[in-house]
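If you're matching positions, the sequence shown starts at 706 in the numbering used here and goes up one per residue. Let me begin by presenting the structure, written as C-alpha coordinates, before commenting on it.
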Amino acid sequence: MMKKLKVWGLATAIVLFSGAANLAHAALPNCPSGAVKVVVPNPPGAGGDILSRLLGEKVGAALGQNIVMENRAGATTTIGTANVARSTPDGCTILSLTASGVVASVFLDNLPYELTRDLQPIAGIGSVPMALAVPNDANINSIDDLAKIAKSPGGLTYASGGVGTLAHLSTVRLLNALHGVGNHIPFKGNPDATQALLGNHVQMFFLSVADGRALEESGKAKILAVTAKERLPMFPHTPTLIELGFDDFAPSLWYGYLAPAKTPADTIDQLYKAFASAVNDPQIQEKLKNMGFTIDLQDPVQLKAFMAEEAKRWGKVIRDNNIQSGS
706 MMKKLKVWGL ATAIVLFSGA ANLAHAALPN CPSGAVKVVV PNPPGAGGDI LSRLLGEKVG
766 AALGQNIVME NRAGATTTIG TANVARSTPD GCTILSLTAS GVVASVFLDN LPYELTRDLQ
826 PIAGIGSVPM ALAVPNDANI NSIDDLAKIA KSPGGLTYAS GGVGTLAHLS TVRLLNALHG
886 VGNHIPFKGN PDATQALLGN HVQMFFLSVA DGRALEESGK AKILAVTAKE RLPMFPHTPT
946 LIELGFDDFA PSLWYGYLAP AKTPADTIDQ LYKAFASAVN DPQIQEKLKN MGFTIDLQDP
1006 VQLKAFMAEE AKRWGKVIRD NNIQSGS
(Lines of atoms letter the chains of each structure in order from A and count residues from 1; the text may use other names and numbers.)
(Lines give C-alpha, C1' and ligand atoms only; values in the text may rest on other atoms or scores of the structure.)
Protein backbone atom coordinates (compact mmCIF):
# COMPACT_ATOMS: atom_id res chain seq x y z
CA MET A 1 0.00 0.00 0.00
CA MET A 2 1.43 3.37 -0.97
CA LYS A 3 1.70 5.99 1.74
CA LYS A 4 -0.36 9.09 1.26
CA LEU A 5 1.41 12.27 0.28
CA LYS A 6 1.39 15.30 2.50
CA VAL A 7 -1.21 17.61 1.00
CA TRP A 8 -0.21 21.13 0.12
CA GLY A 9 -2.95 23.58 -0.76
CA LEU A 10 -2.78 26.44 -3.22
CA ALA A 11 -5.87 27.71 -4.96
CA THR A 12 -6.01 30.95 -6.89
CA ALA A 13 -8.43 32.09 -9.54
CA ILE A 14 -8.03 34.91 -12.03
CA VAL A 15 -10.28 35.95 -14.90
CA LEU A 16 -7.77 36.37 -17.69
CA PHE A 17 -9.59 36.61 -20.95
CA SER A 18 -12.95 37.58 -22.35
CA GLY A 19 -14.43 35.94 -25.43
CA ALA A 20 -16.33 38.20 -27.80
CA ALA A 21 -20.05 37.52 -27.96
CA ASN A 22 -20.41 38.02 -31.71
CA LEU A 23 -17.81 35.51 -32.86
CA ALA A 24 -18.51 33.26 -35.79
CA HIS A 25 -17.43 30.27 -33.70
CA ALA A 26 -20.20 28.38 -31.94
CA ALA A 27 -20.07 29.15 -28.24
CA LEU A 28 -20.49 26.69 -25.42
CA PRO A 29 -23.72 26.95 -23.46
CA ASN A 30 -23.52 29.69 -20.85
CA CYS A 31 -21.50 28.37 -17.94
CA PRO A 32 -23.00 28.85 -14.46
CA SER A 33 -20.00 30.92 -13.38
CA GLY A 34 -20.04 32.90 -16.60
CA ALA A 35 -16.70 31.44 -17.68
CA VAL A 36 -14.82 28.29 -18.63
CA LYS A 37 -12.50 27.41 -15.75
CA VAL A 38 -9.07 25.94 -16.52
CA VAL A 39 -7.78 24.18 -13.40
CA VAL A 40 -3.99 24.04 -13.29
CA PRO A 41 -2.85 21.48 -10.68
CA ASN A 42 0.49 23.27 -10.34
CA PRO A 43 1.59 26.54 -8.74
CA PRO A 44 1.80 29.80 -10.68
CA GLY A 45 4.90 29.88 -12.86
CA ALA A 46 4.92 26.15 -13.60
CA GLY A 47 4.89 24.98 -17.21
CA GLY A 48 1.20 24.10 -17.37
CA ASP A 49 0.34 27.45 -15.83
CA ILE A 50 2.43 29.41 -18.34
CA LEU A 51 1.06 27.45 -21.30
CA SER A 52 -2.56 27.82 -20.21
CA ARG A 53 -2.20 31.56 -19.78
CA LEU A 54 -0.56 31.83 -23.19
CA LEU A 55 -3.35 29.87 -24.93
CA GLY A 56 -6.20 31.32 -22.88
CA GLU A 57 -7.00 34.41 -24.93
CA LYS A 58 -7.29 32.51 -28.21
CA VAL A 59 -9.19 29.61 -26.63
CA GLY A 60 -11.63 32.04 -25.04
CA ALA A 61 -12.14 33.86 -28.32
CA ALA A 62 -12.84 30.60 -30.16
CA LEU A 63 -15.37 29.53 -27.52
CA GLY A 64 -16.98 32.91 -27.08
CA GLN A 65 -16.42 32.60 -23.33
CA ASN A 66 -14.42 34.16 -20.55
CA ILE A 67 -11.53 31.97 -19.42
CA VAL A 68 -10.75 31.70 -15.70
CA MET A 69 -7.44 30.25 -14.56
CA GLU A 70 -7.43 28.50 -11.19
CA ASN A 71 -4.25 27.10 -9.62
CA ARG A 72 -4.93 24.14 -7.33
CA ALA A 73 -1.49 22.80 -6.59
CA GLY A 74 -0.28 19.99 -4.35
CA ALA A 75 -0.03 16.24 -3.83
CA THR A 76 1.55 15.54 -7.22
CA THR A 77 -1.29 17.29 -9.11
CA THR A 78 -4.01 15.17 -7.49
CA ILE A 79 -5.78 18.05 -5.71
CA GLY A 80 -6.56 19.90 -8.92
CA THR A 81 -7.28 16.70 -10.82
CA ALA A 82 -9.82 15.57 -8.21
CA ASN A 83 -11.52 18.96 -8.42
CA VAL A 84 -12.10 18.57 -12.16
CA ALA A 85 -13.04 14.89 -11.91
CA ARG A 86 -16.00 15.72 -9.67
CA SER A 87 -17.09 18.78 -11.69
CA THR A 88 -20.23 18.93 -13.80
CA PRO A 89 -19.51 17.45 -17.27
CA ASP A 90 -20.63 20.48 -19.24
CA GLY A 91 -17.34 21.77 -20.68
CA CYS A 92 -17.18 24.60 -18.16
CA THR A 93 -14.36 23.08 -16.07
CA ILE A 94 -11.28 21.54 -17.68
CA LEU A 95 -7.92 20.28 -16.46
CA SER A 96 -4.41 21.21 -17.53
CA LEU A 97 -2.65 17.83 -17.71
CA THR A 98 1.06 16.97 -17.54
CA ALA A 99 3.01 13.74 -17.35
CA SER A 100 2.92 14.05 -13.56
CA GLY A 101 -0.85 13.67 -13.59
CA VAL A 102 -0.59 10.37 -15.42
CA VAL A 103 2.21 9.15 -13.15
CA ALA A 104 0.20 9.99 -10.03
CA SER A 105 -2.60 7.75 -11.25
CA VAL A 106 -0.12 4.87 -11.52
CA PHE A 107 1.62 4.96 -8.15
CA LEU A 108 -0.76 6.62 -5.68
CA ASP A 109 -3.40 4.49 -3.98
CA ASN A 110 -6.75 5.63 -2.60
CA LEU A 111 -7.13 8.53 -5.00
CA PRO A 112 -10.64 10.03 -5.04
CA TYR A 113 -10.76 9.50 -8.80
CA GLU A 114 -9.58 7.16 -11.54
CA LEU A 115 -7.95 9.14 -14.33
CA THR A 116 -9.19 7.12 -17.30
CA ARG A 117 -12.65 6.56 -15.80
CA ASP A 118 -13.46 10.01 -14.42
CA LEU A 119 -11.83 12.24 -17.02
CA GLN A 120 -11.64 12.24 -20.80
CA PRO A 121 -9.12 13.77 -23.21
CA ILE A 122 -9.69 17.02 -25.06
CA ALA A 123 -6.37 17.81 -26.73
CA GLY A 124 -2.66 17.18 -26.48
CA ILE A 125 -0.62 20.32 -27.16
CA GLY A 126 3.04 19.30 -27.28
CA SER A 127 6.18 19.03 -25.20
CA VAL A 128 9.33 20.74 -23.95
CA PRO A 129 12.69 18.98 -23.41
CA MET A 130 14.40 19.29 -20.06
CA ALA A 131 17.75 20.76 -19.11
CA LEU A 132 20.02 19.16 -16.52
CA ALA A 133 20.99 22.06 -14.27
CA VAL A 134 23.59 22.30 -11.51
CA PRO A 135 24.49 25.30 -9.30
CA ASN A 136 26.77 27.75 -11.06
CA ASP A 137 29.39 27.78 -8.31
CA ALA A 138 29.36 24.01 -7.76
CA ASN A 139 32.42 22.04 -8.81
CA ILE A 140 30.31 20.06 -11.27
CA ASN A 141 31.15 20.69 -14.91
CA SER A 142 30.26 17.46 -16.68
CA ILE A 143 28.21 14.30 -16.46
CA ASP A 144 31.38 12.54 -15.32
CA ASP A 145 31.58 14.90 -12.34
CA LEU A 146 27.94 14.15 -11.58
CA ALA A 147 28.63 10.41 -11.81
CA LYS A 148 31.47 10.66 -9.28
CA ILE A 149 29.15 12.33 -6.79
CA ALA A 150 26.40 9.79 -7.40
CA LYS A 151 28.86 6.96 -6.73
CA SER A 152 30.28 8.57 -3.59
CA PRO A 153 29.12 7.45 -0.12
CA GLY A 154 26.77 10.41 0.29
CA GLY A 155 25.24 10.12 -3.16
CA LEU A 156 23.74 12.91 -5.26
CA THR A 157 21.22 15.32 -3.74
CA TYR A 158 18.62 16.36 -6.29
CA ALA A 159 15.39 18.32 -6.43
CA SER A 160 12.04 17.85 -8.11
CA GLY A 161 8.70 19.61 -8.17
CA GLY A 162 7.18 16.66 -6.29
CA VAL A 163 7.24 12.90 -5.89
CA GLY A 164 6.43 11.18 -9.18
CA THR A 165 7.05 14.24 -11.34
CA LEU A 166 8.97 13.84 -14.58
CA ALA A 167 12.02 15.52 -13.02
CA HIS A 168 11.97 12.96 -10.19
CA LEU A 169 11.57 9.88 -12.36
CA SER A 170 14.02 11.12 -14.99
CA THR A 171 16.68 11.61 -12.31
CA VAL A 172 16.02 8.09 -11.05
CA ARG A 173 16.57 6.81 -14.59
CA LEU A 174 19.79 8.81 -14.87
CA LEU A 175 21.09 7.52 -11.55
CA ASN A 176 20.37 3.96 -12.68
CA ALA A 177 22.39 4.55 -15.83
CA LEU A 178 25.23 6.05 -13.78
CA HIS A 179 25.09 3.15 -11.28
CA GLY A 180 24.82 5.76 -8.55
CA VAL A 181 22.50 6.68 -5.70
CA GLY A 182 20.58 9.84 -4.93
CA ASN A 183 18.89 11.76 -2.15
CA HIS A 184 15.58 13.08 -3.42
CA ILE A 185 14.19 16.35 -2.08
CA PRO A 186 10.68 16.97 -3.45
CA PHE A 187 9.17 20.45 -3.40
CA LYS A 188 5.67 21.86 -3.93
CA GLY A 189 6.49 22.73 -7.52
CA ASN A 190 9.26 23.59 -9.94
CA PRO A 191 9.63 27.23 -8.79
CA ASP A 192 10.50 26.09 -5.26
CA ALA A 193 12.82 23.38 -6.59
CA THR A 194 14.60 25.97 -8.72
CA GLN A 195 15.18 28.17 -5.68
CA ALA A 196 16.68 25.18 -3.87
CA LEU A 197 19.11 24.71 -6.74
CA LEU A 198 20.09 28.39 -6.74
CA GLY A 199 20.60 28.27 -2.99
CA ASN A 200 22.95 25.26 -3.29
CA HIS A 201 20.58 23.12 -1.23
CA VAL A 202 20.63 20.49 -4.00
CA GLN A 203 23.22 19.46 -6.57
CA MET A 204 21.02 19.03 -9.64
CA PHE A 205 17.54 19.54 -11.01
CA PHE A 206 15.85 18.71 -14.32
CA LEU A 207 13.81 21.70 -15.48
CA SER A 208 12.39 23.00 -18.76
CA VAL A 209 14.92 24.17 -21.34
CA ALA A 210 13.36 27.65 -21.29
CA ASP A 211 13.92 27.94 -17.54
CA GLY A 212 17.36 26.40 -17.96
CA ARG A 213 18.36 28.96 -20.57
CA ALA A 214 17.24 31.83 -18.33
CA LEU A 215 19.29 30.50 -15.42
CA GLU A 216 22.37 29.93 -17.56
CA GLU A 217 22.18 33.34 -19.23
CA SER A 218 21.90 35.03 -15.84
CA GLY A 219 24.91 33.10 -14.53
CA LYS A 220 22.89 31.36 -11.85
CA ALA A 221 23.26 27.76 -13.06
CA LYS A 222 25.17 25.56 -15.47
CA ILE A 223 23.41 23.31 -17.97
CA LEU A 224 25.30 20.07 -18.49
CA ALA A 225 22.95 18.40 -20.99
CA VAL A 226 19.45 18.45 -22.45
CA THR A 227 16.95 15.62 -22.91
CA ALA A 228 16.17 16.39 -26.56
CA LYS A 229 16.75 13.86 -29.33
CA GLU A 230 19.11 16.29 -31.06
CA ARG A 231 20.86 19.53 -30.15
CA LEU A 232 18.59 22.50 -29.63
CA PRO A 233 18.95 25.93 -31.27
CA MET A 234 18.75 27.56 -27.82
CA PHE A 235 21.55 25.27 -26.57
CA PRO A 236 23.77 24.74 -29.64
CA HIS A 237 26.87 23.95 -27.58
CA THR A 238 25.15 21.75 -25.01
CA PRO A 239 25.10 18.00 -25.69
CA THR A 240 22.05 15.81 -25.45
CA LEU A 241 22.12 12.93 -23.01
CA ILE A 242 21.78 10.62 -25.99
CA GLU A 243 25.02 12.08 -27.39
CA LEU A 244 26.69 11.36 -24.07
CA GLY A 245 25.84 7.68 -24.35
CA PHE A 246 22.49 7.46 -22.58
CA ASP A 247 20.53 5.57 -25.21
CA ASP A 248 16.95 6.72 -25.83
CA PHE A 249 17.10 9.17 -22.91
CA ALA A 250 14.81 11.94 -24.14
CA PRO A 251 11.95 12.47 -21.67
CA SER A 252 10.03 15.68 -22.26
CA LEU A 253 7.56 17.73 -20.27
CA TRP A 254 4.30 17.32 -22.17
CA TYR A 255 0.99 19.11 -21.84
CA GLY A 256 -2.65 18.44 -22.64
CA TYR A 257 -6.19 19.09 -21.45
CA LEU A 258 -8.94 16.87 -20.02
CA ALA A 259 -12.62 17.29 -19.19
CA PRO A 260 -14.85 15.40 -16.75
CA ALA A 261 -16.12 12.05 -18.00
CA LYS A 262 -19.54 12.13 -19.66
CA THR A 263 -18.92 15.57 -21.13
CA PRO A 264 -20.97 15.51 -24.38
CA ALA A 265 -19.03 14.58 -27.51
CA ASP A 266 -19.99 17.78 -29.31
CA THR A 267 -18.70 19.83 -26.37
CA ILE A 268 -15.40 17.93 -26.41
CA ASP A 269 -15.19 18.64 -30.14
CA GLN A 270 -15.77 22.36 -29.57
CA LEU A 271 -13.08 22.45 -26.92
CA TYR A 272 -10.62 20.55 -29.12
CA LYS A 273 -11.21 22.93 -32.02
CA ALA A 274 -10.70 25.92 -29.71
CA PHE A 275 -7.33 24.61 -28.56
CA ALA A 276 -6.38 23.70 -32.13
CA SER A 277 -7.23 27.23 -33.23
CA ALA A 278 -5.04 28.68 -30.49
CA VAL A 279 -2.10 26.38 -31.22
CA ASN A 280 -2.27 27.15 -34.95
CA ASP A 281 -2.09 30.91 -34.39
CA PRO A 282 1.28 32.17 -35.80
CA GLN A 283 1.95 34.45 -32.83
CA ILE A 284 1.29 31.64 -30.37
CA GLN A 285 3.54 29.32 -32.36
CA GLU A 286 6.39 31.83 -32.26
CA LYS A 287 6.06 32.24 -28.51
CA LEU A 288 5.99 28.47 -28.01
CA LYS A 289 9.07 28.08 -30.20
CA ASN A 290 10.94 30.59 -28.04
CA MET A 291 10.04 28.46 -25.01
CA GLY A 292 11.65 25.42 -26.63
CA PHE A 293 8.18 23.95 -27.15
CA THR A 294 7.54 21.32 -29.82
CA ILE A 295 3.92 21.50 -30.97
CA ASP A 296 2.31 18.09 -31.40
CA LEU A 297 -1.44 18.64 -31.53
CA GLN A 298 -3.32 15.47 -30.57
CA ASP A 299 -7.05 14.89 -30.83
CA PRO A 300 -8.88 13.07 -28.00
CA VAL A 301 -8.23 9.60 -29.43
CA GLN A 302 -4.53 10.29 -29.94
CA LEU A 303 -4.12 11.81 -26.49
CA LYS A 304 -5.83 8.83 -24.87
CA ALA A 305 -3.38 6.43 -26.56
CA PHE A 306 -0.41 8.61 -25.63
CA MET A 307 -1.49 8.74 -21.99
CA ALA A 308 -1.64 4.93 -21.92
CA GLU A 309 1.90 4.74 -23.33
CA GLU A 310 3.18 7.19 -20.72
CA ALA A 311 1.51 5.27 -17.90
CA LYS A 312 3.20 2.08 -19.09
CA ARG A 313 6.63 3.72 -19.54
CA TRP A 314 6.80 5.46 -16.19
CA GLY A 315 4.95 2.70 -14.38
CA LYS A 316 7.88 0.42 -15.18
CA VAL A 317 10.36 2.94 -13.73
CA ILE A 318 8.24 3.18 -10.58
CA ARG A 319 7.98 -0.59 -10.15
CA ASP A 320 11.62 -1.32 -10.99
CA ASN A 321 12.81 1.23 -8.42
CA ASN A 322 10.10 0.59 -5.81
CA ILE A 323 9.20 4.27 -5.74
CA GLN A 324 6.73 5.10 -2.99
CA SER A 325 4.74 8.26 -2.42
CA GLY A 326 7.28 9.43 0.15
CA SER A 327 10.36 8.59 -1.94
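Built from N, CA and C at the ideal position, the CB exists for glycine as well. Keep in mind it's a predicted model, so treat the numbers as computed, not measured.
{"Check": "Residues near Trp-1019 by beta carbon distance below 6 angstroms, same chain, minus five either side", "Outcome": "Val-808 and Leu-874"}
{"Check": "Same chain only: Cβ atoms within 7 angstroms of Ala-966, ignoring 5 sequence neighbours per side", "Outcome": "Pro-794, Arg-822, Asp-823, Leu-824 and Gln-825"}
{"Check": "C-alpha distance - Thr-781 paired with Ile-799, whole-angstrom precision", "Outcome": "18 angstroms"}
{"Check": "Helix, strand or coil at Asp-1001 according to DSSP, with G and I counted as helix", "Outcome": "strand"}
{"Check": "His-942 in three-state terms, based on DSSP", "Outcome": "coil"}
{"Check": "Cβ distance (whole Å) where Ala-864 is taken to contact Val-914 below 8 angstroms", "Outcome": "The Cβ separation is near 17 angstroms, so there is no contact."}
{"Check": "Residues bridged to Gln-1007 [DSSP beta-bridge criterion]", "Outcome": "Looking at the DSSP assignment, Gln-1007 forms no beta bridge with any residue, so it has no partner."}
{"Check": "Simplified DSSP assignment, three categories, for Ser-810", "Outcome": "helix"}
{"Check": "DSSP three-state assignment for Arg-822, whether helix, strand or coil", "Outcome": "helix"}
{"Check": "Rounded C-alpha distance that separates Thr-876 from Leu-912", "Outcome": "11 angstroms"}
{"Check": "Option in Tyr-962, Ala-981 and His-884 with minimal Cα separation from Asp-854", "Outcome": "Looking at the sequence itself, residue 854 is Ile, so the reference to Asp does not match. Residue His-884 is the option with its Cα nearest to Ile-854."}
{"Check": "Boundaries of the beta strand (DSSP E) in which Glu-775 is found, first to last residue", "Outcome": "771 to 778"}
{"Check": "DSSP three-state assignment for Tyr-785, whether helix, strand or coil", "Outcome": "Note that residue 785 is Gly in the sequence shown here, rather than Tyr. Correct three-state label for Gly-785: helix."}
{"Check": "Ile-947 beta carbon less than 8 angstroms from that of Phe-954", "Outcome": "yes"}
{"Check": "Beta-carbon gap between Ile-772 and Val-745 smaller than 8 angstroms", "Outcome": "no"}
{"Check": "First and last residue of the uninterrupted alpha helix (DSSP H) at Ile-755", "Outcome": "752 to 768"}
{"Check": "Sufficient close CB pairs (3 or more, under 8 angstroms) joining the region 895 to 903 to the region 919 to 926", "Outcome": "yes"}
{"Check": "Supposed close pair Ser-805, Gly-867 - CB separation, criterion 8 angstroms", "Outcome": "7 angstroms"}
{"Check": "Residue range of the unbroken alpha helix (DSSP H) whose run includes Lys-893", "Outcome": "Run containing Lys-893: none; DSSP gives neither H nor E here."}
{"Check": "Residue of Gln-1003, Pro-737, Leu-760 and Gly-750 minimising C-alpha distance to Gln-988", "Outcome": "Leu-760"}
{"Check": "Supposed close pair Gly-860, Val-886 - CB separation, criterion 8 angstroms", "Outcome": "4 angstroms"}
{"Check": "Same chain, Cβ closer than 8 angstroms to Ile-755, neighbours up to 5 away in sequence not counted", "Outcome": "Met-996"}
{"Check": "Nearest neighbour of Arg-1047, chosen from Gly-753, Gln-770, Lys-763 and Phe-998 [CA to CA]", "Outcome": "Since the first and last residues shown for the chain are 706 and 1032, residue 1047 lies out of range."}
{"Check": "Buried/exposed call for Arg-791, threshold 16 Cβ in 10 Å", "Outcome": "exposed"}
{"Check": "As assigned by DSSP and simplified to three states, the class of Pro-737", "Outcome": "coil"}
{"Check": "Test item: CB-CB of Thr-943 and Ala-930 under 8 angstroms", "Outcome": "yes"}
{"Check": "Within 8 angstroms, strictly: CB atoms of Gly-1007 and Gly-829", "Outcome": "Checking the sequence, you will find Gln at residue 1007 rather than Gly. Yes; because the gap between Cβ atoms is below 8 angstroms, this pair is in contact."}
{"Check": "First and last residue of the uninterrupted beta strand (DSSP E) at Ser-865", "Outcome": "861 to 865"}
{"Check": "Short Cβ contact (8 angstroms threshold) for Pro-834 with Leu-937", "Outcome": "yes"}
{"Check": "Where Ala-828 sits in the DSSP three-state scheme", "Outcome": "strand"}
{"Check": "Three-state secondary structure (DSSP) of Lys-856", "Outcome": "coil"}
{"Check": "Residue nearest to Asp-849 in terms of C-alpha spacing, selected from Phe-1011, Ser-738, His-889 and Leu-949", "Outcome": "Leu-949"}
{"Check": "Close Cβ partners of Gly-739 (< 8 angstroms) along its chain, the five nearest in sequence each way excluded", "Outcome": "Asn-771"}
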